[in-house]
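Per the numbering used here, residue 47 is the first one in the sequence shown, and the count goes up by one each step.
We put the CB at the ideal spot given by N, CA and C, even for glycine.
These notes are about the structure you will find just below.
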Amino acid sequence: MSVSKSDLNELEFLKELNQWSEGKPLSRVQNQVLSEYESGWAEWEEYLLGCKTLQEWLYRQDTDCEPNTRIAEQYYAEPQNTMTPKLRFIESVLNKYFPSAQRVGEAGCGIGRNIHYLSDRYPQKSFCGLELTTSGVKIANAASKKFHLNAQFQQFDMLSRQNVSQELLGSADVLFTCFALEQVSSNTEVAMERLLRITKQGLIHIEPVMELYPPTLGGTVSAKMHKRADYLKDFVATVCKLVQHRRVVIDYMGPAVFPIHAAHYPTLIVLRLPPGN
Ligand SMILES: C[S@@+](CC[C@H](N)C(=O)[O-])C[C@H]1O[C@@H](n2cnc3c(N)ncnc32)[C@H](O)[C@@H]1O
47 MSVSKSDLNE LEFLKELNQW SEGKPLSRVQ NQVLSEYESG WAEWEEYLLG CKTLQEWLYR
107 QDTDCEPNTR IAEQYYAEPQ NTMTPKLRFI ESVLNKYFPS AQRVGEAGCG IGRNIHYLSD
167 RYPQKSFCGL ELTTSGVKIA NAASKKFHLN AQFQQFDMLS RQNVSQELLG SADVLFTCFA
227 LEQVSSNTEV AMERLLRITK QGLIHIEPVM ELYPPTLGGT VSAKMHKRAD YLKDFVATVC
287 KLVQHRRVVI DYMGPAVFPI HAAHYPTLIV LRLPPGN
């Protein structure tokens with residue numbers, strides 16, 4: 047059996063990842079998540095100021111081009127644009143599973159670029175982004191204004207124990223998350239119950255679901271990294287409970303295929319709500 051240069055690059059990458067996984071465990075407690083993202087998103091304000099077009103806003107060379115990527119099981123050492131294919135993937139999933147949805151929301155939307163892209167592509171629909179950090183909401187709204195998009199953003203905590211506001215109840219036809227539930231770690235039941243209050247037709251999740259990582263070397267090392275980072279846990283069990291107790295139907299659960307950082311194995315989960323939810 048011959049070993050290619052790409053195999054060697056992948057082994058080198060997995061070795062580094064494996065070393066990182068052996069460090070002190072991290073925690074996704076909310077204070078930690080907040081402090082990471084409040085300052086992280088605030089740094090995008092200056093970038094937004096310098097953007098002349100929406101296209102520049104939707105692709106930033108220094109953050110959206112990854113040196114180690116994979117598409118499903120295939121590893122690539124050449125840098126790739128990981129943003130544009132992700133946006134197109136979200137768009138294709140919405141069109142395939144919820145073509146009639148007129149009101150689309152995203153929870154944990156960060157600085158709102160997924161929603162900005164969709165809003166530009168479908169000006170006749172309405173879009174809303176919900177986000178924990180004030181910096182994310184502020185920048186997302188500023189970008190909507192700058193590029194004349196029909197998309198609003200507001201602060202929202204998926205883990206809050208308070209009732210969902212009247213204004214948000216049933217306000218979206220479909221709601222999606224993209225690498226956002228990963229931040230709530232094992233509190234998925236609380237988060238999902240809240241999201242179900244907002245949407246009428248269903249939920250779409252593009253998230254790293256550790257239980258479904260492939261039993262390959264890459265999948266095993268990435269699962270170890272996932273555990274150290276304290277990302278999403280027990281999501282399949284939560285979905286099974288929703289199927290049993292809330293009559294939610296799983297339309298799809300399987301790999302989400304687009305170029306992505308090589309330590310990620312995102313899953314696409316499409317859940318449909320019973321009529322009259
Ligand atoms: C990895 S970023 C993903 C952002 C965006 N969805 C994307 O695809 O670029 C995760 C986001 O989830 C948000 N988040 C974390 N916990 C949250 C919570 N409890 N409620 C709402 N948003 C949350 C973070 O503030 C952050 O903006």
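Beta-carbon contacts of residue i that lie in its chain and below 6 angstroms, excluding the five residues immediately before and after
i, result
"A186", "I157, G158, G175, F199"
"P125", "C111, P113"
"E152", "N160, I161, G175, F222"
"G182", "W87, G156, I157"
"G154", "T223, A226"
"N64", "V267"
"V236", "L205"
"A269", "M256, Y259"
"V282", "E257"
With 16 other Cβ atoms within 10 Å as the buried cut-off, status of residue i
i, result
"C286", "exposed"
"R207", "exposed"
"R167", "exposed"
"T115", "buried"
"L57", "exposed"
"G69", "exposed"
"Q212", "exposed"
Separation of residue j from residue i, as counted between CA atoms
i, j, result
"K61", "L258", "22 angstroms"
"S73", "L164", "32 angstroms"
"Q107", "D280", "34 angstroms"
"S67", "M129", "25 angstroms"
"V289", "L249", "13 angstroms"
"A309", "L227", "17 angstroms"
"Y277", "A147", "30 angstroms"
"P321", "C224", "25 angstroms"
"Q95", "Q101", "Here residue 95 turns out to be Leu, not Gln, going by the sequence shown. Approximately 14 angstroms between the Cα atoms of the pair."
"R149", "I244", "11 angstroms"
"R76", "F202", "According to the sequence shown, residue 76 is Gln rather than Arg. Whole-angstrom Cα-Cα distance: 13 angstroms."
"M271", "T99", "36 angstroms"
"L263", "T284", "27 angstroms"
"S217", "V316", "19 angstroms"
"C97", "W103", "6 angstroms"
"K184", "K191", "11 angstroms"
"Q78", "V230", "11 angstroms"
"F59", "M238", "34 angstroms"
"E82", "K142", "34 angstroms"
Neighbourhood of residue i by C-beta distance below 7 angstroms, restricted to the same chain and skipping five residues each side
i, result
"N127", "Y105, D110, C111"
"P261", "none"
"F144", "D219, V220, Q247, G248"
"S232", "K279, D280"
Anticipated Cβ contact below 8 angstroms, residue i with residue j, distance rounded
i, j, result
"R292", "L242", "7 angstroms"
"T180", "E84", "7 angstroms"
"L80", "L205", "That pair is no contact at about 11 angstroms."
"R274", "P71", "6 angstroms"
8 angstroms CB neighbourhood of residue i in its chain, flanking five on each side removed
i, result
"T313", "H251, I252, E253, P254, V255, L258, M299, G300, P301, A302"
"I117", "V303, F304, P305, I306"
"G265", "Y259, Y311"
"P131", "F304, P305"
"V210", "R240, R243, I244"
"A188", "E91, L94"
"L140", "A147, V150, L164, V220, F222, I250"
*Within the chosen definition, does the stretch 192-203 reach the stretch 165-177 through at least 3 CB pairs nearer than 8 angstroms?*
Because the criterion of three Cβ pairs below 8 angstroms is met, the stretch 192-203 and the stretch 165-177 touch.
*Any chance the stretch 84-91 sits against the stretch 294-301, with 3 or more Cβ pairs inside 8 angstroms?*
A contact between stretches requires three or more CB pairs, one per stretch, nearer than 8 angstroms, and the stretch 84-91 fails this requirement with the stretch 294-301.
*Would you check if there are 3 or more beta carbon pairs closer than 8 angstroms linking the stretch 114-124 to the stretch 52-60?*
Between the stretch 114-124 and the stretch 52-60 there are three or more inter-stretch CB-CB distances shorter than 8 angstroms, so the stretches are counted as touching.
*asked:* Quick test of the definition: if touching needs 3 or more C-beta pairs under 8 angstroms, does the stretch 300-307 touch the stretch 128-135?
replied: They touch, by the three-pair rule.
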